[in-house]
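Chemist: Going by my numbering, the sequence shown opens with residue 7, and the numbers climb by one from there. C-beta: ideal position from N, C-alpha, C; glycine also.
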Amino acid sequence: MDYPVVTASCRAVLFDLDDTLMDHQSALRDGVDEWCTQLGLPTGQHARFLQLEKKWFAAYERGEVSHAQQRAGRCREFLGRPELSDTAALEAYAGYLAAYRRNWRPFADALPVLHRALAAGVQVGVLTNGTQQMQQAKLQAGGLELEGVELFATVEMGAPKPQPQAYLHACERLGVAPAQTLMVGDSLANDVEGARAAGLQALHLCRARSPEATARLEATAQPEGIRSLEGAQSPARGGGVLRSLDQLRFA
Ligand SMILES: [Mg+2]
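1. Assuming residue 79 is part of the alpha helix (DSSP H), what are its boundary residues?
2. At 3 residues or longer, and completely inside the segment 140-164: list those beta strand (DSSP E) runs for me, N to C.
3. Check this for me: beta carbons of residue 100 and residue 40, under 8 Å apart or not?
4. I need the DSSP call for residue 252, collapsed to helix, strand or coil.
5. Taking 8 Å as the limit between beta carbons, can you name the residues of its chain near residue 74, skipping five residues before and five after?
6. Have a look at 257, 256, 252 and flag the residue whose alpha-carbon is nearest the alpha-carbon of residue 113.
7. Straight-line CA distance for residue 204 to residue 168?
8. Just jot down, in chain order, the residues whose CB lies closer than 6 Å to any heavy atom of ligand 1.
9. Under 6 Å Cβ to Cβ from residue 147, same chain only, skipping five residues before and after it: list those, please.
10. Between residue 191 and residue 22, how many whole angstroms is the CB-CB distance? I'm expecting something under 8 Å.
11. Where does residue 10 land, buried or exposed, given buried means 16+ other C-beta within 10 angstroms?
12. Evaluate residue 67 with the Cβ neighbour count: other Cβ atoms within 10 Å of its Cβ, from every protein chain shown; 16 or more gives buried, anything less gives exposed.
13. Check for me: the alpha helix (DSSP H) holding residue 38 runs from which residue to which?
14. Please classify residue 57: is it buried, with 16 or more other beta-carbons within 10 angstroms of its beta-carbon, or exposed?
15. I need the boundaries of the alpha helix (DSSP H) containing residue 171, first residue and last residue.
16. Would you call the segment 118-138 and the segment 43-56 touching, i.e. three or more CB-CB distances under 8 Å?
17. To the nearest angstrom, how far is it from the Cα of residue 81 to the Cα of residue 29?
18. What residue from 179, 248, 164 has the CA that sits closest to residue 132's CA?
19. Whose C-beta lies closer than 6 Å to the C-beta of residue 171 among residues of the same chain, with five residues either side of it excluded?
20. Return yes when the Cβ of residue 134 is within less than 8 Å of the Cβ of residue 142, no when it is not.
21. Would you please state the rounded distance, in angstroms, between the beta carbons of residue 16 and residue 187? I believe it to be under 8 Å.
22. At the level of alpha carbons, what is the spacing between residue 150 and residue 117?
23. Consult DSSP for residue 126 and reduce its assignment to one of helix, strand or coil.
24. If you count every other CB in all the chains shown that lies within 10 Å of the CB of residue 121, and 16 or more means buried, which is it?
25. Roughly how many angstroms lie between the CA atoms of residue 36 and residue 72, to the nearest whole one?
Okay, structure coming up:
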């Protein structure tokens, strides 16, 4: 079932960072619990925090609020303290960030896939909707800060995924045409649909074993066990879903 996918037509690969190379949701869950404990609040509120993060980050991705404003907004809403100024909310949010950082862990398949791509002579980048400073520190904490792996953090680049400029800027910096670049990530909107709209190839990483993910994976299974990237991406065959980064092979 976990057939290899061979990316013979790609000269570059861009990985998303959060929930693709690094286990963001586990770090968030444990970070929120630690922060709540410090504040004297009940633990187990990570699902609500994650929901607010998605809501406020989507507003940032639509260009409605700045990156700092989405942090302040979700902090006010999570704490139920609408009276907090941006400055006060960001100060409170720093407590969460410190706890979140203490829980940063890479997925086990992250380092091996970066090494395989580099060994095959493929250009490697990480394209993430975050700040350069935080995402660089995250790569370092995960042991993923390798020579030859370029970080593209869209907060500094000006246009977040899924805006086409985000992918095109990364391709330009790597010196590879979009059509010869593969984007891999966990977000259908940001890592697959947006990338394909900008002319890149894309594969959707579905680590969850939800019934929907399993059905999509089963729809893409082939008897011969190995498939080309082109076949794997075909919408008629289920739309290019990976269960694990271990499946990716670079020819
Ligand atoms: Mg992600």
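Modeler: Put simply:
1. Boundaries of the alpha helix (DSSP H) around residue 79: 73-85.
2. Within the segment 140-164, complete beta strand (DSSP E) segments of at least 3 residues are found at 155-159, given in chain order.
3. Not a contact, by the Cβ cut-off of 8 Å.
4. In the structure shown, the three-state DSSP call for residue 252 is helix.
5. Counting only Cβ-Cβ distances below 8 Å, and skipping sequence neighbours, we find 92, 96.
6. When only C-alpha atoms are compared, the closest one is 252.
7. Using only the alpha carbons, I get a separation of about 9 Å.
8. Going along the chain, the residues that qualify are 22, 24, 25, 26, 191, 192, 193.
9. Cβ-Cβ distances below 6 Å link residue 147 to 110 in the same chain, with the five nearest sequence neighbours on each side left out; the list follows chain order.
10. Sure, about 3 Å apart at Cβ, within 8 Å.
11. Classification of residue 10: exposed, given that the 10 Å Cβ count is below 16.
12. Note on residue 67: 16 or more other CB atoms within 10 angstroms of its CB, so buried under the neighbour-count rule.
13. For residue 38, the enclosing alpha helix (DSSP H) begins and ends at 30-45.
14. The residue is exposed, with fewer than 16 neighbouring Cβ atoms inside 10 Å.
15. Boundaries of the alpha helix (DSSP H) harbouring residue 171: 170-180, taken from the DSSP string.
16. Fewer than three pairs of CB atoms, one per stretch, sit closer than 8 Å, so the segment 118-138 makes no contact with the segment 43-56.
17. Here the alpha carbon of residue 81 sits roughly 21 Å from the alpha carbon of residue 29.
18. Checking every option, the nearest Cα to that of residue 132 belongs to 179.
19. Once the five neighbours on either side are set aside, the close Cβ partners of residue 171 are 165.
20. With contacts defined by Cβ atoms closer than 8 Å, residue 142 and residue 134 do not form a contacting pair.
21. About 7 Å; that satisfies the 8 Å criterion.
22. If you take the alpha carbons of residue 150 and residue 117, they lie about 6 Å apart.
23. Coil.
24. Counting Cβ neighbours within 10 Å, residue 121 comes out exposed, since fewer than 16 surround it.
25. Going by the C-alpha atoms only, they are around 26 Å apart.
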